[in-house]
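Numbering (our numbering), first residue to last: 25 to 456.
Note that the Cβ used here is the ideal one computed from N, Cα and C, for glycine as well.
Heads up, the thing below is written out as structure tokens.
Written as structure tokens, this is what we have:
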């Protein structure tokens, strides 16, 4: 009877008919966490500007502190997550972030908040966010069947796209209602609610069974797995190069819109939001792409068919040709979200569970290592040449970066199939 029950559960899980509550709780916790990041991030910035009279240099330091976590602990985080129960790691990181941002609010209310304390808190929260995000990606395959990963990641990415559109705006509204410090504290409440939601989950939170070696050896194992697998290597290189050129693009985008196209600031914000709208549409249509082309081919097509539209953006000009920028930016945002959903789902499907944390961390480290350099070089290039020229070079780089995927086995890889209630990946594990 127990075997039949376990078999029936595996079958229903594979069909997506079991664990909806567990995934729903994970989705809720992730949403609350991301909302706290968005709202808390804008609140910290507004607190610095309105209450602490921040200079441009100080704002640059604060922004950097909020994004340095991946570069500092990205690789060790993956190895550590593969040593510990992942859901508990997520809950603990929620608790750490709640304490940090609540501490900032309390420090302001009691008159003891200083710039070093604010920067240290922002940096520590960024480090905790790295652990949460990498653990969440590694834990998801324990909650849903691997054949349902695209569906699950679509929902998660769709929510992320919506929060990217509305989270900062919601933070601004809350600041006007509660004050900047009050909104920072509201972010702490969001983190606490996320941790509490994770505690309500009753599914397995197994300790990975990998043999323990030194930290450096485990980091090398994660990087080595990515590098030996031709498909995963292509995804990592494409993501790194794409983020490099996208950061150069974004660094000068507002300058181009406001100074070259003479768009009002409020309208420029709406134009920039077009990529987020494209992301929401992509999340709603990802399943159709995967059903039609298969998971691996969707990774390739998501960028091969959309990134060339980025070349429309530097061709725009005042008047009706502004539509070229809007179209190019919307389609680029659509393709980027479609790519993110499909490549994360693919990686989760083909990677052994005991390596998921390290493999995800290796990819995220490469993905987040290049934007800072790209943004800096984009600004320098625009200063030496022009924003339009920089957009053209960045758009061309986005298109050329797709070559990593086109030259990989992903375009020829068969669709994963379900065998005896367990997802099979065809030749995915033998791509190297």
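Chain-order list of residues whose beta-carbon lies under 7 Å from that of residue i (same chain, five-residue window excluded)
| i | result |
| --- | --- |
| residue 133 | 205 |
| residue 191 | 59, 62 and 63 |
| residue 184 | 58 |
| residue 131 | 137 and 141 |
| residue 342 | 285 and 286 |
| residue 91 | 150 |
CB-CB length for residue i against residue j, believed under 8 Å
| i | j | result |
| --- | --- | --- |
| residue 164 | residue 372 | 6 Å |
| residue 348 | residue 329 | With a Cβ gap of about 18 Å, residue 348 and residue 329 do not count as contacting. |
| residue 370 | residue 319 | 5 Å |
For residue j and residue i, the rounded distance between their alpha carbons
| i | j | result |
| --- | --- | --- |
| residue 295 | residue 270 | 16 Å |
| residue 286 | residue 168 | 48 Å |
| residue 467 | residue 281 | For residue 467 there is no data in the structure shown, the boundaries of the chain being 25 and 456. |
| residue 382 | residue 263 | 17 Å |
| residue 260 | residue 210 | 36 Å |
| residue 292 | residue 356 | 17 Å |
| residue 147 | residue 153 | 10 Å |
| residue 107 | residue 345 | 54 Å |
| residue 120 | residue 435 | 42 Å |
| residue 398 | residue 86 | 19 Å |
| residue 368 | residue 65 | 25 Å |
| residue 203 | residue 129 | 10 Å |
| residue 77 | residue 83 | 10 Å |
| residue 110 | residue 252 | 26 Å |
| residue 217 | residue 327 | 36 Å |
| residue 156 | residue 113 | 7 Å |
| residue 95 | residue 425 | 22 Å |
| residue 166 | residue 245 | 21 Å |
| residue 116 | residue 240 | 24 Å |
| residue 302 | residue 366 | 16 Å |
| residue 265 | residue 393 | 10 Å |
| residue 79 | residue 52 | 37 Å |
| residue 49 | residue 143 | 32 Å |
CB contact flag (residue i, residue j, <7 Å)
| i | j | result |
| --- | --- | --- |
| residue 186 | residue 332 | no |
| residue 247 | residue 386 | yes |
| residue 354 | residue 298 | yes |
| residue 212 | residue 125 | yes |
| residue 182 | residue 56 | no |
| residue 5 | residue 395 | Because the chain spans 25 through 456 in this model, residue 5 falls outside it and cannot be assessed. |
| residue 433 | residue 255 | yes |
| residue 242 | residue 103 | yes |
| residue 207 | residue 67 | yes |
| residue 158 | residue 89 | no |
| residue 384 | residue 188 | no |
| residue 45 | residue 160 | no |
Contact set for residue i: own chain, Cβ-Cβ below 6 Å, skip 5 residues either direction
| i | result |
| --- | --- |
| residue 314 | 174 and 322 |
| residue 151 | 93 and 97 |
| residue 334 | 352, 356, 419 and 422 |
| residue 340 | 346, 348 and 349 |
| residue 258 | 428, 429 and 432 |
| residue 122 | 212, 215 and 216 |
Cβ neighbours of residue i in the same chain (closer than 8 Å, five flanking residues each side left out)
| i | result |
| --- | --- |
| residue 311 | 174, 175 and 178 |
| residue 406 | 275, 276, 279, 413 and 414 |
| residue 379 | 106, 234, 245, 246 and 249 |
| residue 416 | 335 and 338 |
Interface flag, residue i vs chain C, CB-CB below 7 Å
| i | result |
| --- | --- |
| residue 276 | In the structure shown, chain C does not exist; there is a single protein chain. |
Exercise for review: Evaluate contact between the segment 71 to 81 and the segment 347 to 365, counting only Cβ atoms and requiring at least three cross-stretch pairs below 8 Å.
Suggested key: No, the segment 71 to 81 does not touch the segment 347 to 365.
Check your understanding: Between the segment 345 to 360 and the segment 214 to 225, are three or more C-beta pairs nearer than 8 Å?
Key -> Using a Cβ-Cβ distance cut-off of 8 Å, the segment 345 to 360 and the segment 214 to 225 are not in contact, since fewer than three pairs of beta carbons, one from each stretch, lie closer than that value.
Practice item. Count the C-beta pairs between the segment 397 to 405 and the segment 272 to 280 that are closer than 8 Å, then say yes if the count reaches three, no if not. Key: A contact exists between the segment 397 to 405 and the segment 272 to 280.
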